[in-house]
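Visitor: Chain order of the listed sequences is A and B.
For the first sequence, this note's numbering begins at 2 and goes up steadily by one.
For the second sequence, this note's numbering begins at 2 and goes up steadily by one.
Beta carbons are placed, not taken as given, at the ideal position from N, Cα and C, and that holds for glycine.
Can you keep this structure in mind? I'll have questions shortly.
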Amino acid sequence: DVKVTQSSRYLVKRTGEKVFLECVQDMDHENMFWYRQDPGLGLRLIYFSYDVKMKEKGDIPEGYSVSREKKERFSLILESASTNQTSMYLCASSRQYQPQHFGDGTRLSIL
Amino acid sequence: AQTVTQSQPEMSVQEAETVTLSCTYDTSESDYYLFWYKQPPSRQMILVIRQEAYKQQNATENRFSVNFQKAAKSFSLKISDSQLGDAAMYFCASTGPNTGNQFYFGTGTSLTVIP
Numbered sequence: 002d003v004k005v006t007q008s009s010r011y012l013v014k015r016t017g018e019k020v021f022l023e024c025v026q027d028m029d030h031e032n033m034f035w036y037r038q039d040p041g042l043g044l045r046l047i048y049f050s051y052d053v054k055m056k057e058k059g060d061i062p063e064g065y066s067v068s069r070e071k072k073e074r075f076s077l078i079l080e081s082a083s084t085n086q087t088s089m090y091l092c093a094s095s096r097q098y099q100p101q102h103f104g105d106g107t108r109l110s111i112l
Numbered sequence: 002a003q004t005v006t007q008s009q010p011e012m013s014v015q016e017a018e019t020v021t022l023s024c025t026y027d028t029s030e031s032d033y034y035l036f037w038y039k040q041p042p043s044r045q046m047i048l049v050i051r052q053e054a055y056k057q058q059n060a061t062e063n064r065f066s067v068n069f070q071k072a073a074k075s076f077s078l079k080i081s082d083s084q085l086g087d088a089a090m091y092f093c094a095s096t097g098p099n100t101g102n103q104f105y106f107g108t109g110t111s112l113t114v115i116p
């Protein structure tokens, strides 16, 4: 069965810390995505990747970076965490034009 | 780019009744794909149903069906015989050959099922 695994369900970090969110998929999908989900705002795309070492900015990339060194793994990095980055983060993967498969999400709190 | 609009932030339905969630989209493409996703409280987002724009027939998956009106750019989700387990956030989404692999999501509709 399709599986997208996010490394943490809940994470608490402090302002100014460098934060890594990891996502792994086992479906050999070429596309991977990081979203941020906030009440009333739906899903907002942070970054996505359509191939190893390739990345594209989404709608809200400021304050974030990503890394995709292997096809199955897509990491989201908060370079210097701030309180306004407290949110639910969702990772997804897909083949081209096929439905996205989501992980369970990481609820990140920045104190 | 495409835009997806869900104008109903919240909806409610009596158990066993039928409810329709609205979604409109805006695209200049002739070929695209539409999806409805369900996100139960504190649980994973899962695909409910998909529709290819070139197909005239409305997609159906058990109690879930869509009303796809291509000219009106409308893609509503009908849930029949609603069950308590249908309570969730529902997101409408679109993608297509010229979106650069991106998906575009609406802001979601929170569905409450009343016993």
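#1: Check whether the Cβ of residue 32/A lies closer than 8 Å to any Cβ atom in chain B.
#2: At the 8 Å Cβ level, is residue 22/A part of the contact set with chain B, yes or no?
#3: Do you know how far the Cα of residue 80/B is from the Cα of residue 21/B?
#4: Curious, which full-length beta strand (DSSP E) runs of at least 3 residues does the region 58–92 of chain A contain?
#5: Return the chain-ordered list of same chain residues with a C-beta closer than 7 Å to the C-beta of residue 73/A, the five sequence neighbours on each side being excluded.
#6: Per the DSSP calculation, residue 39/B is bridged to which residue(s)?
#7: In chain A, which residues lie with their C-beta within 8 Å of the C-beta of residue 45/B?
#8: Buried or exposed for residue 109/A, going by 16 or more other Cβ atoms inside 10 Å?
#9: Does the region 53–65 of chain B come close enough to the region 102–115 of chain B that 3 or more CB-CB pairs lie under 8 Å?
#10: Within its chain, find whatever has a CB closer than 7 Å to the CB of residue 8/B; leave out the 5 residues flanking it on each side and keep chain order.
#11: Just tell me which of 38/B, 42/B, 37/B, 55/B has its CA closest to the CA of residue 31/B.
#12: Whole angstroms are fine: how far does the CA of residue 19/A sit from the CA of residue 75/B?
#13: Which residues in the same chain have their Cβ closer than 6 Å to the Cβ of residue 53/B, if we skip the five residues on either side of it in sequence?
#14: Starting from residue 108/B, find everything on chain A with Cβ-Cβ shorter than 9 Å and list it in chain order.
Guide: Considering the structure as presented:
#1: yes
#2: No Cβ of chain B is located within less than 8 Å of the beta carbon of residue 22/A.
#3: 6 Å
#4: 65–71, 74–79
#5: 25, 26, 27
#6: 47/B, 91/B
#7: 103, 104, 105, 106
#8: Per the 10 Å Cβ criterion, buried.
#9: no
#10: Contacts found: 23.
#11: 55/B
#12: 43 Å
#13: 34
#14: What residue 108/B touches in chain A: 41, 42, 43, 44.
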